[in-house]
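Heads up: the structure comes next, in structure tokens.
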Ligand SMILES: C[S@@+](CC[C@H](N)C(=O)[O-])C[C@H]1O[C@@H](n2cnc3c(N)ncnc32)[C@H](O)[C@@H]1O
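Chains as they are written, first to last, in our numbering: chain A, 0 to 277; chain B, 29 to 150.
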């Protein structure tokens with residue numbers, strides 16, 4: 000039995016309102032696959048009862064769980080490779096040169112999911128810029144999904160996950176084998192702060208960054224939300240900082256506050272104000 | 029076209045790997061154990077990489093790997109261990125012996141593709 004269209008609209012509106020994730024039409028199968036287990040776990044035989052329950056009263060924790068279940072947390076170490084190469088070859092060398100006095104860098108993984116992106120950033124730094132060991136390097140990972148974040152903090156990955164994108168030399172260097180799989184070293188775990196954050200909310204409490212990785216999350220949003228988020232991110236980015244989007248994402252037609260960095264093959268952007276002569 | 033030598037005593041594993049790799053435009057050679065692999069390496073200097081199982085009869089993977097790396101007169105293809113020996117000490121042992129990459133079984137097509145790309149085969 001497939002879900003009734005009113006119930007479908009109700010649930011997808013709930014998810015969109017809370018997270019910005021635009022499910023669109025025709026995702027009945029996905030919605031059922033992810034939400035029926037939640038309904039069942041509450042003793043409800045189907046989504047009909049789940050929706051009925053939500054219609055009669057606000058249930059904050061259930062709404063959060065549903066939203067979380069509809070997020071796609073798919074990620075891997077060094078995803079797409081090129082952004083990390085360009086980080087190493089261009090972005091970091093330039094920022095390091097610009098920050099010789101403050102000796103401080105702040106990097107944000109804005110849809111951190113289970114942490115692979117933040118840890119890949121950190122491994123890039125450890126591997127290629129040993130001179131930064133005396134600098135103050137802050138790596139912050141945020142996500143709307145508490146479940147993803149708790150896994151990120153634990154830093155334990157399955158055998159399958161550590162084979163996706165992670166060269167064996169880095170596995171043996173930065174991970175320990177534990178009964179549940181492979182755990183990233185205490186030292187790297189301590190070097191990243193993971194915290195919950197909804198990208199639809201105000202971002203100013205995070206402070207300013209030198210590098211923002213915001214990859215593979217805007218694709219799920221509607222245009223207006225993309226614009227709001229990118230414009231807010233621009234305010235959190237230093238004038239000479241960089242924004243890195245996912246391979247399938249662009250600012251074109253979304254905002255003109257960012258300009259593509261021509262020397263990079265991946266989706267690297269700089270704030271437009273950087274190019275404006277004063 | 030690059031040439032890959034598959035070394036595994038299980039015909040099923042070789043077949044499955046072959047199915048994954050052939051469409052990627054890689055030429056495949058096969059061997060059932062370390063000693064056959066040694067023969068292939070002698071007669072096929074064009075081999076670019078070896079996907080190498082650990083536990084095999086006659087000559088196991090690690091013995092073959094050491095023999096290969098010690099013989100400086102041989103061409104030195106990249107070696108990717110591909111095994112159910114998934115403990116850190118074993119991985120370190122293989123790397124010490126000269127393995128370039130390591131695949132822990134069970135593997136997926138994505139992992140094989142990744143590791144081949146990482147060793148320059150794709
Ligand atoms: C596909 S993952 C991307 C992970 C990583 N950045 C990468 O590229 O591999 C998308 C993540 O965005 C998160 N997400 C979805 N909506 C969000 C929102 N409104 N605020 C913050 N994070 C959100 C999801 O929980 C999920 O972990």
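Note that CB positions come from ideal geometry on N, CA and C, so glycine has one too.
Being a predicted model, the structure only gives us computed values, none of them experimental.
Looking only at DSSP bridge pairs, what is residue 55 of chain B linked to? Position 27 of the second chain, counted from the start, is the residue given in the question as residue 55 of chain B. Paired residue(s): B:31.
Cβ neighbours of residue 42 of chain A in the same chain (closer than 8 Å, five flanking residues each side left out): To locate residue 42 of chain A, count along the first chain from 1; it is residue 43. There are no such residues.
Close beta carbons around residue 144 of chain B, own chain, < 8 Å, minus the five adjacent residues each side: Start at 1 with the first residue of the second chain, and residue 144 of chain B comes out as number 116. Cβ neighbours of residue 144 of chain B within its own chain (closer than 8 Å, five residues either side excluded): 32, 49, 52, 54, 77, 108, 150.
Can you confirm whether residue 159 of chain A, when its beta carbon is compared against all beta carbons of chain B, has any partner nearer than 9 Å? The residue you call residue 159 of chain A lines up with position 160 of the first chain. Among the CB atoms of chain B, one or more fall inside 9 Å of the CB of residue 159 of chain A.
At a cut of 8 Å, does the stretch 62-75 of chain B reach the stretch 99-106 of chain B through at least three beta carbon pairs? yes
Let me see if you follow: with CB-CB separation under 9 Å, is residue 83 of chain B close to chain A or not? Along the second chain, one-based indexing puts residue 83 of chain B at 55. It does not; no Cβ of chain A falls within 9 Å.
Which same chain residues, not among the five before or five after residue 277 of chain A, have their C-beta less than 6 Å away from its C-beta? Sequence index remark: in the first chain, residue 277 of chain A carries index 278 (1-based). Note on residue 277 of chain A: pLDDT 49, under 50, position unreliable in the model; the coordinate value appears next. The answer is none, since no qualifying residue turns up.
Chain B beta carbons: is any one of them nearer than 9 Å to that of residue 170 of chain A? Here residue 170 of chain A is taken as the residue at index 171 of the first chain, counted from 1. Answer yes: the Cβ-Cβ gap between residue 170 of chain A and chain B drops below 9 Å somewhere.
With DSSP collapsed to three states, give me the class of residue 159 of chain A. What you label residue 159 of chain A is simply residue 160 of the first chain in a count that begins at 1. Helix, per DSSP.
Specify whether the stretch 125-134 of chain A and the stretch 45-55 of chain A touch according to this definition: at least 3 beta carbon pairs, one from each stretch, less than 8 Å apart. Output reads no: the stretch 45-55 of chain A does not touch the stretch 125-134 of chain A.
Report yes or no: do the stretch 155-174 of chain A and the stretch 98-105 of chain A share at least 3 C-beta pairs separated by less than 8 Å? no
Would you give the residue range spanned by the beta strand (DSSP E) that residue 194 of chain A belongs to? As a working note, residue 194 of chain A is residue 195 in the first chain. Residue 194 of chain A -> beta strand (DSSP E) spans 191-195.
Given a cut-off of 9 Å, decide if residue 169 of chain A and residue 120 of chain A are closer than it, judged by their beta-carbon atoms. As a first step, residue 120 of chain A is located in the first chain; it is residue number 121 there, counting from the start. As a first step, residue 169 of chain A is located in the first chain; it is residue number 170 there, counting from the start. Going by C-beta atoms, residue 120 of chain A is not nearer than 9 Å to residue 169 of chain A.
Who does residue 105 of chain A pair with in a DSSP beta bridge? To locate residue 105 of chain A, count along the first chain from 1; it is residue 106. Answer by DSSP bridge pairing, in chain order: A:137.
DSSP-derived helix/strand/coil call for residue 277 of chain A: The residue given as residue 277 of chain A occupies position 278 in the first chain. With a pLDDT of 49 at residue 277 of chain A, under the threshold of 50, the modelled position of that residue is not reliable, and no figure is offered here.
Between which two residues does the beta strand (DSSP E) containing residue 87 of chain B stretch? As a position in the second chain, residue 87 of chain B is number 59, starting the count at 1. Taken as a continuous stretch (DSSP letters only), residue 87 of chain B belongs to no beta strand (DSSP E), as it is neither H nor E.
Inter-residue Cα distance where the pair is residue 290 of chain A and residue 139 of chain A: Beyond the ends of chain A as shown, which are 0 and 277, falls residue 290 of chain A; an answer cannot be given.
Go ahead and label residue 253 of chain A buried or exposed: buried means 16 or more other beta carbons lie within 10 angstroms of its beta carbon, across all protein chains shown. Your numbering for residue 253 of chain A matches position 254 in the first chain. Result: buried.
Whether residue 196 of chain A touches residue 205 of chain A by CB criterion (9 Å): Along the first chain, one-based indexing puts residue 196 of chain A at 197. Along the first chain, one-based indexing puts residue 205 of chain A at 206. Cβ distance < 9 Å, so residue 196 of chain A and residue 205 of chain A count as in contact.
Alpha carbon of residue 40 of chain B to alpha carbon of residue 90 of chain B, nearest angstrom: On the second chain, position 12 is the one that residue 40 of chain B refers to. On the second chain, position 62 is the one that residue 90 of chain B refers to. Each residue's alpha carbon lies about 21 Å from the other.
Alpha carbon of residue 46 of chain B to alpha carbon of residue 171 of chain A, nearest angstrom: Within the second chain, residue 46 of chain B is the residue found at index 18, counting from 1. Within the first chain, residue 171 of chain A is the residue found at index 172, counting from 1. If you take the alpha carbons of residue 46 of chain B and residue 171 of chain A, they lie about 28 Å apart.
Answer yes or no: does any C-beta atom of chain A fall closer than 9 Å to that of residue 127 of chain B? As a first step, residue 127 of chain B is located in the second chain; it is residue number 99 there, counting from the start. By this cut-off, residue 127 of chain B is an interface position.
If we count the other Cβ atoms within 10 Å of its Cβ and call it buried at 16 or more, is residue 177 of chain A buried or exposed? Counting from 1 along the first chain, the entry for residue 177 of chain A is found at position 178. It is exposed - the Cβ of residue 177 of chain A has fewer than 16 other Cβ atoms within 10 Å.
Proximity to residue 54 of chain A [Cα-Cα], best of A:98, A:21, A:9, A:92: Within the first chain, the letter at position 55 stands for residue 54 of chain A. Answer by Cα proximity: A:9.
With residue 10 of chain A as the anchor, note down where its alpha helix (DSSP H) starts and where it stops. Counting from one through the first chain, the residue named residue 10 of chain A turns up at place 11. Run containing residue 10 of chain A: 4-18, per the alpha helix (DSSP H) assignment.
Bridge partners of residue 244 of chain A, per DSSP? Taking the first chain and counting its residues from 1, the one referred to as residue 244 of chain A is at position 245. DSSP output for residue 244 of chain A lists A:213 as bridge partner(s).
Comparing the C-beta of residue 138 of chain B with each C-beta of chain A, is any distance below 9 Å? Here residue 138 of chain B corresponds to residue number 110 of the second chain, with the count starting at 1. Closer than 9 Å: yes.
Please return the same chain residues whose Cβ sits closer than 6 Å to the Cβ of residue 157 of chain A, not counting the five positions on each side in sequence. Within the first chain, numbered from 1, the residue matching residue 157 of chain A stands at position 158. Answer for residue 157 of chain A: 180, listed in chain order.
Can you give the beta carbon distance from residue 109 of chain A to residue 212 of chain A, rounded, assuming they're within the 8 Å contact cut? By one-based count along the first chain, residue 109 of chain A stands at place 110. By one-based count along the first chain, residue 212 of chain A stands at place 213. Right, their Cβ atoms sit about 6 Å apart.
Does ligand 1 have even one heavy atom less than 8 Å from the beta-carbon of residue 230 of chain A? In the first chain, the residue the question calls residue 230 of chain A occupies position 231. No; taking the cut-off as 8 Å, the Cβ of residue 230 of chain A has no heavy atom of ligand 1 nearer than that.
Please report whether the beta-carbon of residue 183 of chain A lies at a distance below 9 Å from any beta-carbon of chain B. Looking up residue 183 of chain A in the first chain gives position 184. Output row for residue 183 of chain A: interface = no.
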